[in-house]
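**Student:** Below is one structure. I have some questions about it.
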Amino acid sequence: MKDDEIRAIFLNELVGVAPDIDPKTVSDDDHLQDDLGLDSMDVLNLVSALHKRLDLNIPEADYSQIATLKMAVGYISKHVG
Amino acid sequence: MGLFAMPSLGADMEAGTLVEWLVQPGDTVKRGDIVAVVETQKGAIEIECFEEGTVKELKAELGQKLPVGAPLALIGAEGEAPREAAPPPVAEPPASPPSATAAEPPRAPGRTMPPAPAVAPVTPPGQVAASPAARIRAEELQLDLAEVKGTGPNGVILLGDIERAAPGAKGAPRPAQETAPPKTGSQIEEMRKAIAAAMTRSKQTIPHFYLSQTIDVQPAVDWLARRNADLPPDQRLLLGALFVRAATLAAARVGTSNGHFTDGVFRPADTVNPGIAIALRGGGLVAPALMDAAEMTLDETMAAMRDLVTRARAGRLRGSEMTAGTITVSSLGETGAEGMAGVIFPPQVALVGLGAPQIRPWVVDGAVEPRTVVTLTLSVDHRVSDARQAARYVAEFEDYISAPESL
C-alpha cells in the first residue's frame, strides 16, 4: 500500500473518532494526544477503527509508535503488506 | 391518562426547546421509549417516556421553548377507551400511523423507537456526529451529513446546520425553523453558563470537605497490560474502566456516598449510577450516568463507558442519564496533573476525583521502587457524611483497585 493511501485512511479514521478535527490542518508531527487532544478512549477507538479497516491489530505496547501522523504512516506501511 | 411533561434534565435546567417528536398520536409507547428530542444548554437530549400506553395528543409544537413541567403530550393507559376517532393501538411498532398526520404540517415521520438496549451500539467510526434531529432532517432532505458543517459542541451537526445547508430550504414550512439557528460558539457559551450555574449553586449550598489518598495502582496497571496484550482493540480495557468499577463497588458499600440530598434530607440510592465526567472536545463537560453499574461486569462497564462517551460527544444522551447519577467519577485521564479536588454535582453528595497516574518512588515491602500511583480525592457533602465515612469509601476503593482481578 502506498504511503499516500495510508495517510488518507489514517486521517479518515482519525476524523471519524474526532469529528471536530479538520484533516487539512493536521501536520505530520502533531501529537495525537498532546496536540490534537485525543484522550485514551479516542486512541482506543482509533486503533479499533484501524483494526477493522486494515485488519491490523496494533498492540497496546505499540501505541507510542503511532503517536503522530508521520509515525503512524511509517508503522502501518511496515506492518501491512 | 398521563400527562407527559418537559422533564428537568439537571438541577440547573429551567427550560428546553422541543426539536423533534419521535411519536405521533395513536402510537403505543413503553417505559423507556424515546419519544422526543429537546435542545438544552447541554446539547440535544433524547427524552424517554416513563409510562405505557397510547399517545393521545401532542400538546407542544416543534420549536417551542418550554419551561420544566410544561405539558408535552397526553398518554392514555393501555386499554383505556380511545378518545374520538383515534387510531386503535397497534401491537407491533407501526412504521407510521395511517393518515394521522395527513392534514398536519410536515414533521418527522412518526415511529415507535425500539426499547433502548442495555448497551447501545457504538457509533461506527467514520460516521459523522450529528444530533438526532439533524440526522432525521438530513434523511428527509436526502442530504449527505458529511457535506454539512456542524456548529455544535465538537463540531456536531445540529438541526439548524441542516436547515441552512438544505437546498432552497427557506420555503419549507417546518415549525422547527422558528428555532433560532445555533451559532458557532453560542452552544459552548450556553454550556459554560449551565456549568457555571450548577457549580455556583453547589459551592453555595454544599459544605464540601475533601479526603485524599495516593494509591499504588501498579497491580492494576500490570494486570491490565497482561490482559490487553492478547486482545483485539475492541475487547481491550482502559484503566479508567477499572477506576469506575472500583468507585462503583465502593459506593455500593458506603451508602452515605451514594444518593441525593433534596429538600433538606439525604436519600440514599438503591442502585449505583456513577456519573462519568466527560470532557467534550471543543470545550465543556457533561457527566451522564452509567445506569445500575454495580450489576455490570468489568467488560460491561467498559462497553457502557465507551457507548456513553461516544454518545456524549455526538450529542445523543438520554434524559434519564442526565439526572440519575448518584455519585460522580471525574478522572483526569492518562497524562496530566496528579490530583484534583472536584465540585460535587448537586443533588449528589460525593465526587471521586482521580489524578493522572504518575510514576513515583514508593516503599514496597520495605524497599523503595518506582511504582505507578494515582491520587484519589474524595469530595464529600458534610451535611451527609463525616471524615469517618469518607475514609471508609477511600479504603474500599483502594482495596478494590489493589485486587483488579476482583473487579
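The listed protein sequences correspond, in order, to chains H and A.
At position 6 of the first sequence the residue is numbered 198 (our numbering), and the sequence of numbers has no breaks.
At position 12 of the second sequence the residue is numbered 1040 (our numbering), and the sequence of numbers has no breaks.
Built from N, CA and C at the ideal position, the CB exists for glycine as well.
Using the Cα positions of Ser256 (chain H) and Arg1399 (chain A), report the straight-line distance between them to the nearest angstrom.
**Tutor:** Going from the Cα of Ser256 (chain H) to the Cα of Arg1399 (chain A) covers about 20 Å.
**Student:** Just verifying my parser: in three-state terms, what is the DSSP assignment at Asp1244 (chain A)?
**Tutor:** It is a strand residue.
**Student:** Using DSSP bridges, identify the partner residues of Lys244 (chain H).
**Tutor:** Answer by DSSP bridge pairing: none, since Lys244 (chain H) is not bridged.
**Student:** Taking 7 Å as the CB-CB limit, is Pro1260 (chain A) close to chain H?
**Tutor:** Answer yes: the Cβ-Cβ gap between Pro1260 (chain A) and chain H drops below 7 Å somewhere.
**Student:** For the candidate residues A:Arg1163, A:His1236, A:Asp1327, A:Ala1332, whose alpha-carbon lies nearest to that of Asn1301 (chain A)?
**Tutor:** With distances taken between Cα atoms, Asn1301 (chain A) lies closest to A:Ala1332.
**Student:** Only counting the same chain, and skipping five residues up and downstream in sequence, which positions put a Cβ closer than 7 Å to that of Val1422 (chain A)?
**Tutor:** Hits under 7 Å: Leu1239, Gln1241, Leu1404, Leu1406.
**Student:** Can you say whether Lys1231 (chain A) is buried or exposed, counting buried as having 16 or more other CB atoms within 10 angstroms of its CB?
**Tutor:** Burial call: exposed.
**Student:** Pair every Cβ in the segment 1367-1379 of chain A with every Cβ in the segment 1088-1105 of chain A, then say whether three or more of these pairs are closer than 8 Å.
**Tutor:** Short answer: they don't touch.
**Student:** On a Cα-Cα basis, can you pick out the residue from A:Ala1226, A:Thr1329, A:Ala1365 that is closest to Glu1042 (chain A)?
**Tutor:** Nearest of A:Ala1226, A:Thr1329, A:Ala1365 to Glu1042 (chain A), Cα basis: A:Ala1226.
**Student:** Would Pro1247 (chain A) and Ser1434 (chain A) be called neighbours here (beta carbons separated by less than 7 Å)?
**Tutor:** Cβ atoms of Pro1247 (chain A) and Ser1434 (chain A): not closer than 7 Å.
**Student:** Hey, out of A:Val1396, A:Ser1348, A:Arg1334, A:Leu1382, whose CA is closest to Ile1073 (chain A)'s CA?
**Tutor:** It is A:Ser1348 whose Cα lies nearest to the Cα of Ile1073 (chain A).
**Student:** Got a sec: is the Cβ-Cβ distance from Glu1362 (chain A) to anything in chain H below 7 Å?
**Tutor:** Closer than 7 Å: yes.
**Student:** Closest by CA to Thr1056 (chain A), which one among A:Val1083, A:Gly1030, A:Trp1251?
**Tutor:** Of A:Val1083, A:Gly1030, A:Trp1251, the residue nearest in Cα terms is A:Val1083.
**Student:** Can you find a C-beta in chain H that's less than 7 Å from the C-beta of Leu1186 (chain A)?
**Tutor:** It does not; no Cβ of chain H falls within 7 Å.
**Student:** Could you pull out every residue in the same chain whose Cβ sits closer than 8 Å to the Cβ of Leu1267 (chain A), ignoring the five residues on either side in sequence?
**Tutor:** Cβ neighbours of Leu1267 (chain A) beyond the five flanking positions: Val1245, Ala1248, Val1249, Leu1252, Glu1362, Pro1385.
**Student:** Sorted by chain position, which residues of the same chain lie with C-beta nearer than 8 Å to Ala1130 (chain A)'s C-beta, five sequence neighbours on each side aside?
**Tutor:** Note that Ala1130 (chain A) scores a pLDDT of 39, beneath 50, so its modelled location is shaky; the value from the coordinates is reported in the next line. Excluding residues within five positions, none has a Cβ falling inside 8 Å.
**Student:** At the 7 Å Cβ level, is Gly1311 (chain A) part of the contact set with chain H, yes or no?
**Tutor:** Chain H contact via Cβ: absent.
**Student:** Taking the continuous beta strand (DSSP E) assigned at Phe1294 (chain A), which residues delimit it?
**Tutor:** Note, Phe1294 (chain A): beta strand (DSSP E), 1293-1296.
**Student:** Between which two residues does the alpha helix (DSSP H) containing Glu1426 (chain A) stretch?
**Tutor:** First-last of the alpha helix (DSSP H) with Glu1426 (chain A): 1415-1430.
**Student:** When you compare each of A:Lys1093, A:Leu1031, A:Leu1037 to Ala1105 (chain A) by their alpha carbons, which one comes out closest?
**Tutor:** Ala1105 (chain A) has its Cα closest to that of A:Leu1031, out of A:Lys1093, A:Leu1031, A:Leu1037.
**Student:** Going along chain A, which residues have a C-beta under 7 Å from Gly266 (chain H)?
**Tutor:** The contacting residues do not exist; Gly266 (chain H) stays about 20 Å from chain A at best.
**Student:** Quick check on DSSP: helix, strand or coil for Glu1011 (chain A)?
**Tutor:** In the structure displayed, chain A extends from 1029 to 1435; residue 1011 (chain A) sits before or after that span and is not available.
**Student:** Alpha carbon to alpha carbon, how far is Pro215 (chain H) from Glu205 (chain H)? Give it in angstroms, no decimals.
**Tutor:** Near 10 Å, if we compare the C-alpha coordinates of Pro215 (chain H) and Glu205 (chain H).
**Student:** Flag this pair as touching only if the segment 1177-1194 of chain A and the segment 1327-1347 of chain A have three or more C-beta atom pairs under 8 Å; answer yes or no.
**Tutor:** A contact exists between the segment 1177-1194 of chain A and the segment 1327-1347 of chain A.
**Student:** With distances taken from CA atoms, which of A:Ile1355, A:Glu1076, A:Val1051 is nearest Ile1062 (chain A)?
**Tutor:** Looking at the Cα atoms, A:Glu1076 is the closest of the given residues.
**Student:** For His1288 (chain A), count neighbouring Cβ atoms within 10 angstroms of its own Cβ and tell me buried if that reaches 16, exposed if not.
**Tutor:** Buried, by the Cβ-count rule.
**Student:** Using CA atoms only, rank isn't needed, just tell me which of A:Ala1101, A:His1410, A:Ala1315 is closest to Gly1081 (chain A).
**Tutor:** Of the candidates A:Ala1101, A:His1410, A:Ala1315, the one whose C-alpha sits nearest the C-alpha of Gly1081 (chain A) is A:Ala1101.
**Student:** What residues of chain A sit near Glu252 (chain H), judged by a beta carbon separation below 8 Å?
**Tutor:** What Glu252 (chain H) touches in chain A: Ala1253, Asn1256, Ala1257, Arg1264.
**Student:** Would a check of beta-carbon distances place Gly1213 (chain A) closer than 7 Å to chain H?
**Tutor:** So, not an interface residue.
**Student:** Report yes if the CB atom of Pro1261 (chain A) is closer than 7 Å to the CB atom of Ser240 (chain H), and no otherwise.
**Tutor:** Yes, the Cβ-Cβ distance between Pro1261 (chain A) and Ser240 (chain H) is below 7 Å.
**Student:** Counting only Cβ pairs nearer than 8 Å, list the residues of chain H close to Ala1072 (chain A).
**Tutor:** Per Cβ cutoff of 8 Å: no residues; Ala1072 (chain A) is ~15 Å from chain H at best.
**Student:** Any beta-carbon of chain H closer than 7 Å to the one on Ala1331 (chain A)?
**Tutor:** No, Ala1331 (chain A) does not count as interfacial toward chain H.
**Student:** Using CA atoms only, rank isn't needed, just tell me which of A:Asp1291, A:Gly1310, A:Gly1311, A:Val1066 is closest to Ser1036 (chain A).
**Tutor:** The shortest Cα separation from Ser1036 (chain A) among A:Asp1291, A:Gly1310, A:Gly1311, A:Val1066 belongs to A:Val1066.
**Student:** Exposed or buried, Val1396 (chain A), counting other C-beta atoms within 10 Å across all chains shown (16 or more means buried)?
**Tutor:** Burial call: exposed.
**Student:** For Gly1283 (chain A), which residues from the same chain have a beta carbon less than 8 Å from its beta carbon, with the 5 sequence-adjacent residues on both sides left out?
**Tutor:** Excluding sequence neighbours, Gly1283 (chain A) sits near Pro1296.
**Student:** Which first and last residues belong to the alpha helix (DSSP H) in which Ala1222 (chain A) is found?
**Tutor:** Ala1222 (chain A) -> alpha helix (DSSP H) spans 1214-1233.
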